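Below is one structure; the comments refer to it alone.
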Amino acid sequence: MRFMSFVTSAHAGPPTAELIEAMNKLADREVKAGRMVDMGGLTPVAMGAQVRIADGKLSVIDGPFVEAKEVIGGYAIMEFRNKEEAVASAVEFMQLHKDFMPDWEGTCEVRAFAGP
Numbered sequence: 043m044r045f046m047s048f049v050t051s052a053h054a055g056p057p058t059a060e061l062i063e064a065m066n067k068l069a070d071r072e073v074k075a076g077r078m079v080d081m082g083g084l085t086p087v088a089m090g091a092q093v094r095i096a097d098g099k100l101s102v103i104d105g106p107f108v109e110a111k112e113v114i115g116g117y118a119i120m121e122f123r124n125k126e127e128a129v130a131s132a133v134e135f136m137q138l139h140k141d142f143m144p145d146w147e148g149t150c151e152v153r154a155f156a157g158p
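43 is the number of the first residue of the sequence shown in the working numbering; add one for each residue after it.
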């Protein structure tokens, strides 16, 4: 099954060099094992845009977005046998954040792709 994990946080700064190194080691291991399909960190919301429909009108809004409290900082697409494996992987990934950025707070959401 293919799963997407994405990390949300209100933390505005970049990850520490130690966290980046630990994440790269984990990603390298997952690629070699054939589980990682794709992954990436995202640029700050100030560099993005939102395409929105509200009150029947379509609009494009450039970042930063005043109402954004937490933003998606990165994602991973992985192949696992089941949800339990996907959650275990997310726990390992989030443990890296706890170990290398103890004051960081955020969430890693894990969801399976719909369909075959």
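The C-beta atom is built at its ideal place from N, Cα and C for all residues, glycine as well. Please read these numbers as outputs of a predicted model, since none were measured by experiment.
6 angstroms CB neighbourhood of residue i in its chain, flanking five on each side removed
i, result
"P106", "V87 and A88"
Test item: CB-CB of residue i and residue j under 9 angstroms
i, j, result
"R44", "E121", "yes"
"A132", "S51", "no"
"M143", "P57", "yes"
"D104", "A91", "yes"
"S101", "V113", "no"
Test: residue i CB closer than 9 angstroms to a CB of chain B
i, result
"D80", "Given the protein chain composition of this structure (a single chain), no chain B is represented."
Contacts around residue i, its chain only, beta-carbon distance under 8 angstroms, and the 5 residues preceding and following it disregarded
i, result
"L138", "L61, A64, M65 and L68"
"E134", "L68"
Candidates the options, of which the one nearest residue i by Cα
i, options, result
"A154", "H53, D141 and I119", "I119"
"V129", "T149, P144, M143 and P57", "T149"
"E126", "M143, D145, A75 and V152", "V152"
"L84", "M136, M143 and V49", "V49"
"R38", "M78, K99, G98 and K111", "Within the shown structure, residues of the chain are numbered from 43 to 158, placing residue 38 beyond reach of any answer."
"D141", "G55, A59 and A54", "A59"
Cβ separation of residue i and residue j, assumed to be a contact under 8 angstroms, to the nearest whole Å
i, j, result
"G116", "G82", "6 angstroms"
| request: Jot down the residue ranges of each uninterrupted beta strand (DSSP E) in the stretch 68-143, minimum 3 residues, whole runs only, in chain order. | output: Those beta strand (DSSP E) runs which fall completely within the stretch 68-143 and span 3+ residues are 78-83, 91-96, 99-104 and 113-121.
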